[in-house]
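Participant:
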């Protein structure tokens, strides 16, 4: 295989963000702007992305953001997949010049005045009439009341189905943003008022308002349910189908983490529950289980109207009455790159982190030294809601050296103090004390430890100039960006980003006039710098102090007297009842334990200086037992800390086949199991 030859992704495979970006640019003629990937994984891999259209001046506009979900559609891998058959058939009909094409694009159901019988909508290979288009019912073995095709017509009633192109994407987006769909709804309302609507129109309109019919024999309506996220387009290209959805500014997860006061009263909570139950009742009426109800799957519009996301479900044929539903849990084999030369391959090569791991499991492995600092910090970022690639809320990493000298564990020179925030190191205690004492609302630091300005400045060599002009400075002046790592570290009061520990390409400039970001003199190349920088992050010195940085960034030093003592009191929100999609989430309310591996190494060093090599060999077994006994206190503290942070491992659904981690939920949250596993591994 040639180095840059594209590999065909496997079904359910999560692409790295670089490859996902390449795929979308290829599908949409390089005219669609990839903003960031949408992923449940702490790693930069996904099958969904937030994309933007640019205006006539080439600038991006946040109002024109949409979500694209990439679904592989290889005919050999999905030979009997009803969803792919549905898209193929509808695409042929839609592109065939039907008189009803324009109506189909905005979801106008063309139905007979006489209601269709259940027999004509059930499985059996007969011809059925769906929204004016003739389909042959699927021959799949789904045991629901309605055929897969009829169910998908109810789930995707307003979706434009056709060939993938930027012009089609632009047309769909324009119709949605201009309110064409709402115009159709108002037209339906006018028909009802004028008593010109058929019985089916009345049922559809009531469904649109969230008042579905709960009659077991009712036929799915032609309009979408108002609390299910609308799929605007099903755009087919070579080897995949792109689902196009509007992007909402918030999710329920955002609201709960960053602005819980936005749910102003019990009435708001009850109404939210009603909307979700109404959406679920509609899905269950179609014989479909959602299977992933969690805060991140509940979308919120600007008016806080809720949509239940269902975009990742087309390939799952789940029947409520059958017990064979299977959920694909991502594993390391499902994450990868499309080309051999992709820079992200090095990131995945040695990582043990899996999306299916929970926090208790990860903490256990990290504390024992079986998981890297880099991976553990990535997972904490995910728990805090940070999104890899989203410049407004990018994952944060600590600066561990000041780049004045090559990192050397035997020297104190060049290492950063992890017991203080980068803001405190940059501003100084005197300035922070002055800010705290003179502010109307006392605070030491801003409400963000990694600003959008800092992220875009760090990544300036790789970002489009339109983003730099919008975020950093309206007039692009390449010489004003820091030219080397030491200058960058001194310039910013913000923390670091993961790319400086894993991606050599971040140093290489795509822009004429902007030189590559220079690595320190003690590193011969970006690749060597990344290795040395990552080694510094995983060093004994950092491992023995990283808990202090976690306390400041994610832990108990974010609030209360501990925050005052650490000069880490953040500026509070001026509008606590306003919904927010970003913010600081405090994960822990107790001091984070020191990593056990650093304690072991320290004790080993002490023993090594006081005993000869032969003496150490003679008493190795005795020392092992003494070591375990001497670390009982650390073990007890770590176990108690893990129990107290139980909320970080919510269980929203139960998977019958639970990936590669053979630890029961009880074992994951049990202090006794934590202790038992510790002794078994040492």
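In this note's numbering, the protein residues as written are -4 to 677.
Backbone N, C-alpha and C define an ideal beta-carbon position, used for all residues, glycine too.
#1: Going straight from the alpha carbon of residue 357 to that of residue 248, what length do you get?
#2: Classify residue 607: buried if its beta carbon has 16 or more other beta carbons within 10 angstroms, exposed otherwise.
#3: Check residue 26 in the structure and name its three-state DSSP category.
#4: Could you compute how far the alpha carbon of residue 291 sits from the alpha carbon of residue 64?
#5: Which residue wins for smallest C-alpha separation from residue 553, given the options 76, 143 and 584?
#6: Would you list the one or two residues that DSSP bridges to residue 45?
#7: Mind checking residue 641: buried by the 16 CB within 10 Å criterion, or exposed?
#8: Looking only at DSSP bridge pairs, what is residue 241 linked to?
#9: With a threshold of 8 Å, are at least 3 pairs of Cβ atoms found where one atom belongs to the stretch 219 to 228 and the other to the stretch 541 to 555?
#10: For residue 26, which residues in the same chain have their Cβ closer than 6 Å to its Cβ, ignoring the five residues on either side in sequence?
#11: So what does DSSP say about residue 303, is it helix, strand or coil?
#12: Does the beta-carbon distance from residue 37 to residue 373 come in below 8 Å?
#13: What are the boundary residues of the alpha helix (DSSP H) that includes residue 280?
#14: Using three-state DSSP, classify residue 555 as helix, strand or coil.
#15: With DSSP collapsed to three states, give me the class of residue 495.
#16: Under the three-state reduction of DSSP, which class applies to residue 288: helix, strand or coil?
#17: Mind checking whether residue 414 and residue 540 have CB atoms under 8 Å apart?
#18: For residue 557, which option in 574, 417 and 439 has the closest C-alpha, if you only look at C-alpha atoms?
#19: Compare the beta carbon distance of residue 410 and residue 529 with 8 Å and say whether it is the shorter of the two.
#20: For residue 92, I'd like the list of residues in its chain whose CB is within less than 7 Å of its CB, leaving aside the five on either flank, ordered along the chain.
#21: So residue 445 and residue 389 are in contact, right, with Cβ under 8 Å, and what is the actual spacing, rounded?
#22: Please classify residue 486 as buried or exposed, where buried requires at least 16 neighbouring CB atoms within 10 angstroms.
#23: Taking all protein chains shown into account, do 16 or more other C-beta atoms lie within 10 angstroms of the C-beta of residue 263, making it buried, or fewer, making it exposed?
#24: Do residue 66 and residue 236 count as a contact pair if the criterion is CB distance below 8 Å?
#25: For residue 545, count neighbouring C-beta atoms within 10 Å of its own C-beta (all shown protein chains included) and say buried if the count is 16 or more, exposed if not.
#26: With a threshold of 7 Å on Cβ separation, who are the neighbours of residue 398 within its own chain once the five nearest residues in sequence on each side are excluded?
#27: Tell me, please, which residues DSSP counts as bridged to residue 228.
#28: State buried or exposed for residue 153, treating a residue as buried only when at least 16 other CB atoms are found within 10 Å of its CB.
#29: Measure the Cβ-Cβ separation of residue 159 and residue 16 and say whether it is below 8 Å.
#30: Mark residue 191 as exposed unless 16 or more other C-beta atoms lie within 10 angstroms of its C-beta, in which case mark it buried.
#31: Please report the straight-line C-alpha distance between residue 20 and residue 44, rounded to a whole angstrom.
#32: Give the range of the alpha helix (DSSP H) segment to which residue 372 is assigned.
#33: Reducing DSSP to helix, strand and coil, say where residue 462 ends up.
#34: Using three-state DSSP, classify residue 40 as helix, strand or coil.
#35: Nearest-angstrom Cα distance between residue 682 and residue 418?
Facilitator: Let's see:
#1: 21 Å
#2: The predicted position of residue 607 is uncertain, since its pLDDT is 47 and thus under 50; a value taken from the coordinates is nonetheless stated next. By the neighbour-count rule (16 or more Cβ atoms within 10 Å), residue 607 is not buried but exposed.
#3: coil
#4: 16 Å
#5: 584
#6: 31 and 62
#7: exposed
#8: 61
#9: no
#10: 161
#11: strand
#12: yes
#13: 261 to 280
#14: helix
#15: helix
#16: coil
#17: yes
#18: 439
#19: no
#20: For residue 92, the predicted structure reports a pLDDT of 43, less than 50, and the residue's modelled location is therefore unreliable. The matter cannot be settled from this model.
#21: 6 Å
#22: exposed
#23: exposed
#24: yes
#25: buried
#26: 480, 481, 484 and 515
#27: 155 and 239
#28: buried
#29: no
#30: exposed
#31: 12 Å
#32: 368 to 378
#33: helix
#34: strand
#35: As displayed, the chain neither begins before -4 nor continues past 677, which places residue 682 out of reach and without an answer.
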